[in-house]
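Here the structure comes first, spelled out in structure tokens, and everything after it is commentary.
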Amino acid sequence: MSRATGIPKDLPESTLNDILNGKRERLPDWGLVASFVMVCHRHAEQNGLPTLAFETVEQWQARWRAARNAQLQPQATGSYDLYGTPADEAERRTSRTVARLVRQAADGDSESVHRLAIIHSLTGETAMAHYWIHAAVRQGHPGAEALASSPRPTELAADLSFAYGQAYEQEGLAKRDIARFYYRLAAAHGHARAAERLRVLRAVPFGKLLPAPIGVVREPDESASEMRAVPLGPAIE
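Each residue of the sequence shown is one higher than the last, beginning at 0 in numbering that gives the first Met the number 0.
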């Protein structure tokens, strides 16, 4: 389909796989992005899928330009957040998680479709959430109808996101970054248990402690897995 009339560039499979899997940090050229967006629109139209969820080529171009301009900005250095995840690392891992789900959804995996519906419901992308909920219902996912008909879909999505986070956390250290991703989505909508688990996991981001800010030291709490910052010397009021 990428060779169809009006599509600016071919879409090499290996190149797309690398980009969607987060293996390439450089921003793709605009011709490749435009071609991908146009192909997605045509595929949806040919298969009777709703296209309102997709932003226009012009909207994507605005996003692409913003990303390009952001790369040209000087990066701040030397600051630490004891309990926070490094922004660039969090973005990469989040992108990989979503890209993997999109790829699996394209292969017909209804669970990935359902998870994309939950993610977009919690990120406020209403049109995309409706698109993936519609797709999950069509594919017969057992939880799709409940999400589609719920009077409080965001609350339900937060509960489901918390459950996904728990499942990934139980798989061990290698999956904790994905657990954080789902906990963060739920916590942003007031899910107290997700916020608590996120606080605990943030104490040791990516399996190791971040450098402490000047003026504080790390002391072990009662739990060896949790750390807290304490001031050096008396507090100044």
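Note that beta-carbon positions come from the ideal geometry of N, C-alpha and C, so glycine has one too.
Burial state of residue i, where buried means 16 or more other Cβ atoms lie within 10 Å
i	result
residue 42	exposed
residue 176	buried
residue 215	No answer about residue 215 holds up, because its pLDDT of 36 lies below 50 and its placement is not dependable.
residue 65	exposed
residue 198	exposed
residue 193	buried
residue 137	exposed
residue 166	exposed
residue 164	buried
residue 67	exposed
residue 196	buried
residue 74	Low confidence applies to residue 74: its pLDDT is 45, below 50, so where it sits in the model is not reliable enough to give any reading.
8 Å Cβ cutoff met for residue i and residue j
i	j	result
residue 187	residue 121	yes
residue 134	residue 112	yes
residue 38	residue 10	yes
Cutoff 8 Å; reference residue i; Cβ partners in own chain excluding five residues on either side
i	result
residue 200	168, 175, 178, 179 and 182
residue 15	35
residue 107	138
residue 59	32, 33 and 36
Residues near residue i in its chain [Cβ-Cβ closer than 7 Å; skip 5 each side]
i	result
residue 27	18
residue 152	120 and 146
residue 206	Confidence in residue 206 is poor, its pLDDT being 45 and thus under 50, which makes the residue's placement unreliable; the coordinate value appears in the next sentence. Correct list, in chain order: 172.
residue 97	118
residue 242	Because the chain is modelled from 0 through 236, residue 242 falls outside the range shown and cannot be assessed.
residue 142	113
Cβ shell of residue i (< 6 Å), same chain only, five flanking positions each side left out
i	result
residue 29	63
residue 78	Its pLDDT being 36, under 50, residue 78 is placed unreliably in this model, and the coordinates cannot settle the point.
residue 157	185, 188 and 190
residue 8	30, 31 and 34
Cβ distance (whole Å) where residue i is taken to contact residue j below 8 Å
i	j	result
residue 116	residue 128	6 Å
residue 160	residue 140	At roughly 16 Å, the Cβ-Cβ gap does not stay under 8 Å, so residue 160 and residue 140 are not in contact.
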